[in-house]
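Undergrad: To start, I am sharing the structure in question, which I have written as structure tokens.
Numbering (my numbering), first residue to last: 12 to 111.
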């Protein structure tokens, strides 16, 4: 089975110093320090809320190398399997016409 994070490679992290993302309700965030080959990438996973409001945060730091990015993809796949995900939907209050 292909990784949900197969799009991540060393070049991906040159796009921004901080990168938030999600797969449905599975939230993640990356922050790079340094540069390719000698830098580090810190990754966080957290519940379906903003990073600033999250309480259930897990973090890990990886070398910014091909091997480090491979380890990051594996870690993210493991966390996705542990935490699960659902399609994102707007959390309307009970009784709202669009609530399920």
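Backbone N, C-alpha and C define an ideal beta-carbon position, used for all residues, glycine too.
Determine the direct distance from the alpha carbon of residue 108 to that of residue 28, and round the result to whole angstroms.
TA: Numbered from 1 along the chain shown, position 17 holds the residue referred to as residue 28. Numbered from 1 along the chain shown, position 97 holds the residue referred to as residue 108. The straight-line gap from Cα to Cα measures roughly 40 Å.
Undergrad: Give the DSSP-derived three-state secondary structure of residue 89 in the structure shown.
TA: For the purposes of this step, residue 89 is identified with residue 78 of the chain shown, where counting begins at 1. Looking at residue 89 - three-state DSSP - the assignment turns out to be helix.
Undergrad: Can you name, in chain order, every residue of its own chain whose Cβ lies under 7 Å from the Cβ of residue 91, other than the five neighbours on each side?
TA: The residue you call residue 91 lines up with position 80 of the chain shown. 15, 34 and 37, listed in sequence order.
Undergrad: Return the chain-ordered list of same chain residues with a C-beta closer than 8 Å to the C-beta of residue 104, the five sequence neighbours on each side being excluded.
TA: For the purposes of this step, residue 104 is taken as residue 93 along the chain shown, with counting starting at 1. Correct list, in chain order: 110.
Undergrad: Is it a yes or a no for the segment 80-88 touching the segment 48-58, going by three-plus beta-carbon pairs under 8 Å?
TA: Touching, yes, given that three or more Cβ pairs across the two stretches are closer than 8 Å.
Undergrad: Among the candidates 13, 17, 30 and 46, whose CA atom is the shortest distance from the CA of residue 75?
TA: One-based indexing of the chain shown puts residue 75 at position 64. The shortest C-alpha separation from residue 75 is found at 46.
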